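Just below is one structure, and these are the notes that go with it.
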Amino acid sequence: RKEVEQDPGPFNVPEGATVAFNCTYSNSASQSFFWYRQDCRKEPKLLMSVYSSGNEDGRFTAQLNRASQYISLLIRDSKLSDSATYLCVVNIGTGGFKTIFGAGTRLFVKA
Amino acid sequence: SQTIHQWPATLVQPVGSPLSLECTVEGTSNPNLYWYRQAAGRGLQLLFYSVGIGQISSEVPQNLSASRPQDRQFILSSKKLLLSDSGFYLCAWTRDRVSYTFGSGTRLTVV
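So the protein sequences, as listed, match chains C and A.
Every position in the first sequence, counted from 1, becomes a number in the working numbering once 136 is added.
Every position in the second sequence, counted from 1, becomes a number in the working numbering once 18 is added.
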């Protein structure tokens with residue numbers, strides 16, 4: 137079983153739609169969580185951290201469910217510019233922790 | 019502000035040829051530096067990381083090597099490339115091992 141799993145998609149949604157991605161992690165020692173965005177043939181860029189209480193940044197909402205070991209990303213009012221691959225990232229352990237990147241979920245937003 | 023430079027952007031190399039990819043960071047000192055590889059449809063795979071000059075940790079045994087000759091310079095090398103070395107190579111740095119900043123990447127095709 138992969139340490140971090142994501143639905144690869146692609147998710148095809150119209151502009152203005154709400155779309156949600158889930159990511160599951162297997163290691164209960166996972167400490168911190170992030171979503172990165174990667175445009176086609178570009179480097180990943182940090183989108184947002186994921187806090188235990190959930191957090192929002194504009195149209196983006198991230199949530200963490202430690203009991204079920206998954207995190208989610210909700211995008212409201214999708215824009216064409218949201219088209220990208222969204223990577224789930226998990227830091228496992230403390231001190232000498234390691235970082236695991238998910239393979240990503242592809243999103244296409246269409247006019 | 020901190021910036022990370024990586025070159026070349028694309029590279030086509032024959033099997034058995036050597037490789038040298040360079041990464042430099044500006045605007046910070048003593049960064050933690052990383053080399054990742056991303057294969058199509060897969061998550062980022064950590065290859066090497068370095069916490070200081072001359073300090074290299076290898077995560078995956080293979081025909082690649084890394085060096086850190088200066089505080090803000092990280093080099094990925096190979097003496098003889100294999101077809102399986104093809105991929106998108108990303109250099110990254112982090113100060114807090116929480117969020118990562120990536121270089122623009124090198125797309126390597128071994129033919």
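Don't be surprised by glycine CBs; every beta carbon is placed ideally from N, CA and C.
None of these values were measured; they are calculated from a predicted model.
Checklist entry - Interface residues of chain A around A239(C) at Cβ under 8 Å? => result As a first step, residue 239(C) must be located in the first sequence, where it is residue number 103. Chain A residues near A239(C): G59, R60, G61.
Checklist entry - Nearest chain C C-beta to R125(A) closer than 9 Å, yes or no? => result Within the second sequence, residue 125(A) is the residue found at index 107, counting from 1. Interface residue, yes.
Next on the checklist: Can you pull the chain A neighbours of F196(C), defined as C-beta to C-beta under 8 Å?
Outcome noted: Translated into the one-based positions of the first sequence, residue 196(C) becomes position 60. Ordered by position in chain A, no residue passes the 8 Å Cβ test against F196(C), which lies about 16 Å from the chain.
Next on the checklist: Distance check for Y52(A) and V69(A), CA to CA, integer angstroms please.
Outcome noted: Within the second sequence, numbered from 1, the residue matching residue 69(A) stands at position 51. Within the second sequence, numbered from 1, the residue matching residue 52(A) stands at position 34. Taking the straight line from one Cα to the other gives about 9 Å.
Item to check | Where the beta strand (DSSP E) containing D218(C) begins and where it ends | outcome: Along the first sequence, one-based indexing puts residue 218(C) at 82. Segment: none, D218(C) is in no beta strand (DSSP E) and carries neither H nor E.
Checklist entry - Since T66(A) meets chain C, which of its residues come closer than 9 Å, beta carbon to beta carbon? => result Within the second sequence, residue 66(A) is the residue found at index 48, counting from 1. Sequence check: residue 66(A) is Phe here, not Thr. Here the premise fails: no neighbours, minimum Cβ distance about 13 Å.
Checklist entry - Cα-Cα, which of G72(A), S83(A), Q24(A) is closest to L65(A)? => result Within the second sequence, residue 65(A) is the residue found at index 47, counting from 1. Considering only alpha carbons, the answer is S83(A).
Next on the checklist: The beta strand (DSSP E) that contains A198(C), what's its start and end?
Outcome noted: The sequence position of residue 198(C) within the first sequence is 62, counting from 1. Counting along the chain, the beta strand (DSSP E) containing A198(C) begins and ends at 196 to 201.
Next on the checklist: If the criterion is Cβ atoms closer than 9 Å, does the pair L182(C) and A198(C) meet it?
Outcome noted: Counting from 1 along the first sequence, the entry for residue 182(C) is found at position 46. Counting from 1 along the first sequence, the entry for residue 198(C) is found at position 62. No; because the gap between Cβ atoms is not below 9 Å, this pair is not in contact.
Next on the checklist: According to DSSP, is S68(A) part of a helix, a strand, or is it coil?
Outcome noted: Mapped onto the second sequence, residue 68(A) falls at position 50. Three-state DSSP puts S68(A) in a strand.
Next on the checklist: Strictly below 7 Å CB to CB, what residues from chain C border L108(A)?
Outcome noted: Taking the first residue of the second sequence as 1, we reach residue 108(A) at position 90. Here the neighbours are E179.
Next on the checklist: Distance cutoff 9 Å, beta carbons only. Does S122(A) sit that close to anything in chain C?
Outcome noted: Translated into the one-based positions of the second sequence, residue 122(A) becomes position 104. Interface residue, yes.
Next on the checklist: Restricting to runs no shorter than 3 residues, where is the beta strand (DSSP E) found entirely within the segment 31 to 76 of chain A?
Outcome noted: 37 to 44, 50 to 56, 62 to 70, 73 to 76
Item to check | Residues that L243(C) contacts on chain A, provided the C-beta gap is smaller than 8 Å | outcome: By 1-based counting over the first sequence, the position of residue 243(C) is 107. Chain A residues near L243(C): none, gap ~15 Å exceeds 8 Å.
Item to check | Contacting residues, own chain, Cβ-Cβ under 7 Å from R195(C) (five flanking each side not counted) | outcome: Translated into positions along the first sequence, residue 195(C) becomes position 59. So the qualifying residues of the chain are I211, R212, D213.
Checklist entry - Are T28(A) and G45(A) touching if we call contact CB-CB under 9 Å? => result Along the second sequence, read from residue 1 onward, the residue named residue 28(A) stands at position 10. Along the second sequence, read from residue 1 onward, the residue named residue 45(A) stands at position 27. No, Cβ-Cβ distance for T28(A) and G45(A) is not below 9 Å.
Next on the checklist: If the criterion is Cβ atoms closer than 9 Å, does the pair S85(A) and P36(A) meet it?
Outcome noted: Here residue 85(A) refers to the residue found at position 67 of the second sequence. Here residue 36(A) refers to the residue found at position 18 of the second sequence. Not a contact, by the Cβ cut-off of 9 Å.
Checklist entry - Which residues in chain A sit within 7 Å of P146(C), going by Cβ to Cβ distance? => result Numbered from 1 along the first sequence, position 10 holds the residue referred to as residue 146(C). Result: empty, since nearest Cβ-Cβ is about 12 Å, beyond 7 Å.
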